[in-house]
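Note that our numbering has the sequence shown beginning at -19, numbered continuously upward.
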Amino acid sequence: MRERAEERLVDDVATLKALADPVRLAILGALNRHDPQPLSAKELATELDEPQTKLYRHLKALEKVALIEVAGTRLVSGIVESRYRVCQRALRLSAGIFAEDSAQRPEALAALLAGLDSFRRDFERAVRSGRMDLTRPDQGGAPGVFRNSVLRLTPERAARLRVELRELLERAAADEVASDGPGGTGEPGEPGEPVVDVKLLALMYTEKD
């Protein structure tokens, strides 16, 4: 197995096309949540509530562009079962692929929209299943955060806000602890310390006049 990268910069059409599907993004999310424990197609199907047969082509597509890899195999009832893991902890779309003259722009937009669709689907499932209560304060004493705003800022302040948001996300990522799954035990920390999955979607863009 290759050494896993912390972040992968995506700027090629093949990878963008592989990312332009909410199911594939859900697979990447599930593998990230359980990392470093690899998962089989059967385990992924259970977690994502998707037919196992449906996932094979998505796994092949992700494996083809090295977003995931086979971490091991085992024999189950006479059948070789592959177990998968992610090849990177985080993905970042190159800014250049969104330029008006970029040949990759259509695929880049499709990948970005798939990410929004995936977040929406996860959010809806969490609310409908009762795993999220939008009326109940969390441990910090405040309910879930939701804000959709249009801010009138100077170009300089907008640029500073972009930097501040990026730094906040980087600090949050640095605080992340290892986990054996939702409600598992985090390391480092006291034995038995609970951890929770925090799902965050940050999107900021500046419109031209």
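Ideal placement from N, C-alpha and C gives every residue a C-beta, glycine not left out. Please read these numbers as outputs of a predicted model, since none were measured by experiment.
| query | Looking only at C-alpha atoms, which of V(-7), L(-4), D177 and A(-15) sits nearest to L112? | reply | Residue mapping note: residue 112 aligns to position 132 of the sequence shown, counting from 1. Note that residue 112 is Met in the sequence shown here, rather than Leu. It is D177 whose Cα lies nearest to the Cα of M112.
| CA-CA distance, P31 and D81? | Counting from one through the sequence shown, the residue named residue 31 turns up at place 51. Counting from one through the sequence shown, the residue named residue 81 turns up at place 101. Whole-angstrom Cα-Cα distance: 40 angstroms.
| message | Let me make sure I understand the geometry here. Which of K188, R146, A51 and F126 has the alpha-carbon closest to that of R72? | response | Within the sequence shown, the letter at position 92 stands for residue 72. Ranking the options by Cα distance to R72, first place goes to R146.
| query | Does DSSP put R127 in a helix, in a strand, or in coil? | reply | Here the question's residue 127 lines up with position 147 in the sequence shown. If DSSP states are grouped into helix, strand and coil, R127 belongs with coil.
| field | With 16 other Cβ atoms within 10 Å as the buried cut-off, status of L55 | value | For the purposes of this step, residue 55 is taken as residue 75 along the sequence shown, with counting starting at 1. It is exposed - the Cβ of L55 has fewer than 16 other Cβ atoms within 10 Å.
| request: Can you say whether R7 is buried or exposed, counting buried as having 16 or more other CB atoms within 10 angstroms of its CB? | output: The residue given as residue 7 occupies position 27 in the sequence shown. Looking at the sequence provided, one finds Ile at residue 7 rather than Arg. Buried, by the Cβ-count rule.
| task | Write down the C-beta distance between L39 and A(-2) rounded to the nearest angstrom, noting that I regard them as a contact closer than 8 angstroms. | result | Here residue 39 refers to the residue found at position 59 of the sequence shown. Here residue -2 refers to the residue found at position 18 of the sequence shown. So it is not a contact: roughly 11 angstroms between Cβ atoms.
| task | Assign V(-10) to one of two classes, buried (16 or more other C-beta atoms within 10 Å of its C-beta) or exposed (fewer than that). | result | To locate residue -10, count along the sequence shown from 1; it is residue 10. Result: buried.
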